[in-house]
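See structure below.
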Amino acid sequence: MTHLIDTVEIFRIVGGVEDGDPLLEAIKEVSQNGKLFISVVSHGEILSQIERVPDEALRKTASQNYKQLIASIGSTRLVSFDSPVAAKWATLTSQFSAEDYPDASSEAIMVAATAEYFGYTLICQEEGWHKFLKDTKFLYV
């Protein structure tokens with residue numbers, strides 16, 4: 731089975747999570763029994779946010795945590811956001827409303843569209859996605 735990890739969950743890892751955290755356990759399980767991918771949209775967002783961390787020590791730790799995550803899943807596991815995915819994003823964006831899902835940023839919808847287009851299971855915390863992603867499976871952590 732192939733999984734795509736949501737940007738919010740990557741931020742949790744970059745910020746530092748304890749051993750035994752359900753997110754880390756899920757990632758270990760997926761890594762052993764399937765494939766784990768990261769959207770290039772998430773990749774860019776993570777790198778951008780790390781650069782904005784004002785405290786140098788925290789920025790260095792976050793950068794190391796992210797590099798470790800990328801090394802553990804493989805740098806070739808970055809999924810592109812190309813024209814067919816953009817078309818899926820446009821369709822999903824037209825279905826979202828601020829009232830139904832107020833926390834859905836454009837980037838979050840791009841990642842969701844990537845999971846939907848490629849048929850990946852989306853690893854996330856947000857349980858509201860199922861309303862809009864009819865053909866996507868979820869692993870909630």
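Residue numbering for the sequence shown is 731 to 871, as defined by this note's numbering.
Cβ coordinates follow ideal geometry from the N, Cα and C atoms, glycine included.
Computed from a prediction, not measured in an experiment: that's the story for all the values here.
For L788: DSSP bridge partner residues: On the sequence shown, position 58 is the one that residue 788 refers to. None, per the DSSP bridge assignment.
Segment contact, 8 Å Cβ cut-off, at least three pairs: the segment 750 to 758 with the segment 786 to 795: No, the segment 750 to 758 is not in contact with the segment 786 to 795.
Euclidean distance between Cα positions of I780 and S824: For this step, residue 780 is matched to residue 50 along the sequence shown. For this step, residue 824 is matched to residue 94 along the sequence shown. Looking at the backbone, the Cα of I780 and that of S824 are separated by about 31 Å.
DSSP state of S835 mapped onto helix, strand, coil: Numbered from its first residue, the sequence shown carries residue 835 at position 105. When secondary structure is reduced to three states using DSSP, S835 falls in the coil class, being assigned neither helix nor strand.
K861 versus S836, V871, L822, residue with shortest Cα-Cα distance: Indexing the sequence shown from 1 puts residue 861 at position 131. Nearest C-alpha to K861 among S836, V871, L822: L822.
The alpha helix (DSSP H) enclosing H860, as first and last residue numbers: Numbered from its first residue, the sequence shown carries residue 860 at position 130. Where H860 is concerned, there is no enclosing alpha helix (DSSP H), given that its DSSP letter is neither H nor E.
CB of E837 within 8 Å of CB of E775, strictly: Counted from its first residue, the sequence shown places residue 837 at position 107. Counted from its first residue, the sequence shown places residue 775 at position 45. In this structure, E775 lies closer than 8 Å to E837 by Cβ.
Cutoff 6 Å; reference V809; Cβ partners in own chain excluding five residues on either side: The residue given as residue 809 occupies position 79 in the sequence shown. The residues are F767, S769, T844.
Span separating the alpha-carbon of P814 from that of D736: The residue you call residue 814 lines up with position 84 of the sequence shown. The residue you call residue 736 lines up with position 6 of the sequence shown. Taken atom to atom, the span from the alpha-carbon of P814 to that of D736 is near 19 Å.
Span separating the alpha-carbon of A698 from that of Y850: This structure gives no information on residue 698, because the portion of the chain shown stretches from 731 to 871.
First and last residue of the uninterrupted beta strand (DSSP E) at D851: Here residue 851 refers to the residue found at position 121 of the sequence shown. First, the amino acid is wrong: residue 851 is Thr here, not Asp. Looking at the DSSP string, the run of the beta strand (DSSP E) that includes T851 is 851 to 854.
Cross-strand partners of L766 (DSSP beta bridge): For the purposes of this step, residue 766 is taken as residue 36 along the sequence shown, with counting starting at 1. Note: L766 sits in a beta bridge opposite H733.
CA nearest to the CA of M840, picked from D812, K867, E829: Within the sequence shown, numbered from 1, the residue matching residue 840 stands at position 110. Cα-wise, what sits closest to M840 is D812.
Option nearest H773 by Cα separation, candidates L869, L734, T791, W859: Position 43 of the sequence shown, counting from 1, holds the residue named residue 773. Comparing Cα-Cα distances from H773 to each of L869, L734, T791, W859, the minimum goes to L734.
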